[in-house]
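Report on the structure given below.
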Amino acid sequence: MDINFTKTTNRDIYRQQLEQELAELIDPKTGRVSMDVAEYVPCLLCGESKRYKELFVVKGYPHVRCEVCGLVYANPQVNEMRLHALYGSSKANDLWLDVLMSSAESKTRYELYERYFVLLEKFTEYRRLVDVGCSIGDLLVVAARRGWDGLGFDLAQKAIEFAKNKRGLNVQLGKIEGFGFEKNSLPVITLTGVLEHLNKPIDTLAKIRDLLTYDGLALVQVPNLHSLHNMLLHERSTSFDGRNHLIFFTAETLSKILKLSGFKVRHIGTYQAVTHILCRYIQYYPPYEGAADFKYLPEKIRSYFENPEKHGQLIKWIEDMGMGRSLMAIASK
Ligand SMILES: [Zn+2]
Numbered sequence: 015m016d017i018n019f020t021k022t023t024n025r026d027i028y029r030q031q032l033e034q035e036l037a038e039l040i041d042p043k044t045g046r047v048s049m050d051v052a053e054y055v056p057c058l059l060c061g062e063s064k065r066y067k068e069l070f071v072v073k074g075y076p077h078v079r080c081e082v083c084g085l086v087y088a089n090p091q092v093n094e095m096r097l098h099a100l101y102g103s104s105k106a107n108d109l110w111l112d113v114l115m116s117s118a119e120s121k122t123r124y125e126l127y128e129r130y131f132v133l134l135e136k137f138t139e140y141r142r143l144v145d146v147g148c149s150i151g152d153l154l155v156v157a158a159r160r161g162w163d164g165l166g167f168d169l170a171q172k173a174i175e176f177a178k179n180k181r182g183l184n185v186q187l188g189k190i191e192g193f194g195f196e197k198n199s200l201p202v203i204t205l206t207g208v209l210e211h212l213n214k215p216i217d218t219l220a221k222i223r224d225l226l227t228y229d230g231l232a233l234v235q236v237p238n239l240h241s242l243h244n245m246l247l248h249e250r251s252t253s254f255d256g257r258n259h260l261i262f263f264t265a266e267t268l269s270k271i272l273k274l275s276g277f278k279v280r281h282i283g284t285y286q287a288v289t290h291i292l293c294r295y296i297q298y299y300p301p302y303e304g305a306a307d308f309k310y311l312p313e314k315i316r317s318y319f320e321n322p323e324k325h326g327q328l329i330k331w332i333e334d335m336g337m338g339r340s341l342m343a344i345a346s347k
């Protein structure tokens, strides 16, 4: 187990820059995100605009829960034009690519995507996919290893250049809509770490569905609101930033949004756990600032972090309880 993931993946440098950029959008009078760049939005799942409760505010960015459907989302939200521009100009978003390019991060993602493919291959005979929001192409690397033919799209130029020039992957800068695919032509579309960034997730899912063949599949991965880590840390969790992550799904709300977009959910599960942060937190340390140590852990709990076999059991238990860090669904048209 890597015990200081925050540092070895350069997440600390990324966080610092992100926090600076988030602070630039705060109205000093209210201490909250400025209404010059943000707007109140109806629930992104059910459209309800009045009945919601504020859960917490992260550095000036309020997060609410819809009382009708249960969706948790940032509200007010930085508007779409502004967000779109940030994919080209944000230094923090660039630094996030450095996080992704670190070997510790890639290794974790490869392991995760291998598990996804084992499952996906049980649902389809096709070995051809389009990855929407492919970033530096980790999923496409795993796809290629398993004999799949993959094509990726992303809005970040630096990511696309890395995927193309360093990894020789088949990728395109831009949106999938701009590529001119015919309706009902793609057998598998994957979206990992995409939906939670969107102002209009249902529109995107409906477009994806249109592009799928009649027996086509979508694989969707989002951060899990009900991860053990998010449920314990609440606003301290770096999952919540107010600008990059706009929506937080649970197994229930992810199923709902897929059904509302015309999909049938074939599988839903949670994967992986960030135990090093939890390990720090339950010892009353600041969760992200430093390496894990086991000094103040109660003895019985300690064995679950120190002993690899028991640690494996702990991870499996977290996943089985639906508290893994990533929520993944496979849905058919
Ligand atoms: Zn709602």
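Residues in the sequence shown are numbered consecutively from 15, following this note's numbering.
Here a beta-carbon is modelled for each residue, glycine too, at the ideal position from N, C-alpha and C.
These numbers were taken from a predicted model, which means no experiment stands behind them.
Per-residue DSSP class, three states only, for residue i
i: leucine 328; result: helix
i: isoleucine 27; result: helix
i: aspartate 16; result: Because the pLDDT of aspartate 16 is 45, which lies under 50, any placement of that residue in the model is unreliable, and the number read from its coordinates should be weighed accordingly. Coil, per DSSP.
i: valine 144; result: strand
i: methionine 342; result: strand
i: leucine 169; result: coil
i: threonine 252; result: coil
i: leucine 219; result: helix
i: leucine 212; result: coil
i: tyrosine 228; result: strand
i: histidine 355; result: Nothing about residue 355 can be reported from this structure: the residues present for the chain run from 15 to 347 only.
Of the residues the options, the one placed nearest residue i, counting alpha carbons only
i: alanine 305; options: Thr289, Ile315 and Lys314; result: Thr289
i: threonine 252; options: Ala118, Val71 and Lys121; result: Val71
i: glycine 166; options: Leu154, His259 and Phe176; result: Leu154
i: lysine 67; options: Arg79, Ile40, Lys73 and Cys57; result: Arg79
i: threonine 264; options: His281, His240, Asn244 and Leu143; result: His240
i: glutamine 186; options: Gly283, Val144, Asp229 and Val202; result: Val144
i: methionine 115; options: Gln34, Leu97, Ile174 and Leu226; result: Ile174
i: tryptophan 331; options: Pro301, Leu242, Lys136 and Asp152; result: Leu242
i: valine 113; options: Arg25, Ser104 and Ala177; result: Arg25
i: leucine 229; options: Ile203, Lys21, Tyr302 and Tyr130; result: The question names leucine, but residue 229 is aspartate in the sequence shown. That would be Ile203, whose Cα lies nearest to the Cα of aspartate 229.
i: leucine 169; options: Gly326, Leu226 and His98; result: His98
i: lysine 270; options: Ile222, Lys314, Pro215 and Pro301; result: Pro215
i: lysine 136; options: Gln327, Thr227, His281 and Asn244; result: His281
i: leucine 200; options: Arg223, Leu219 and Gly192; result: Arg223
i: phenylalanine 262; options: Leu85, Gln31 and Cys60; result: Leu85
i: glutamate 191; options: Leu219, Ala52 and Ser340; result: Leu219
i: histidine 259; options: Leu183, Gly161 and Glu94; result: Glu94
i: asparagine 213; options: Arg96, Val132 and Gly276; result: Arg96
i: lysine 197; options: Gly182, Leu225 and Glu139; result: Leu225
i: aspartate 255; options: Arg65, Leu59, Ser63 and Asn107; result: Asn107
Beta-carbon spacing of residue i, residue j below 8 Å
i: valine 236; j: glutamate 210; result: yes
i: valine 47; j: valine 92; result: yes
i: alanine 157; j: alanine 232; result: no
i: threonine 23; j: alanine 118; result: yes
i: glutamate 38; j: serine 104; result: no
i: glutamate 333; j: threonine 284; result: yes
i: lysine 297; j: tyrosine 310; result: At residue 297 the sequence reads glutamine, which differs from the lysine that was named. Cβ distance < 8 Å, so glutamine 297 and tyrosine 310 count as in contact.
Which residues DSSP lists as bridging residue i, in chain order
i: phenylalanine 137; result: DSSP lists no partner for phenylalanine 137.
i: proline 42; result: DSSP output for proline 42 lists no bridge partner at all.
i: glutamine 235; result: Thr206 and Met342
i: glycine 161; result: Paired residue(s): none; glycine 161 is not in a bridge.
i: valine 47; result: Ile40
i: tyrosine 52; result: Reading off the sequence shown, one finds alanine at residue 52, where the question assumed tyrosine. DSSP lists Val92 as partners of alanine 52.
> Which runs of the beta strand (DSSP E), 3 residues or longer, sit entirely within the segment 256-335?
Replying inline: 278-285
>> Please give me, in chain order, every unbroken run of the beta strand (DSSP E) with length at least 3 that falls completely inside the segment 177-210.
In response: 185-187 and 200-206
> What are the uninterrupted segments assigned as beta strand (DSSP E) that are 3 or more residues long and contained completely in the segment 54-100, given in chain order?
Replying inline: 66-72, 75-80 and 86-88
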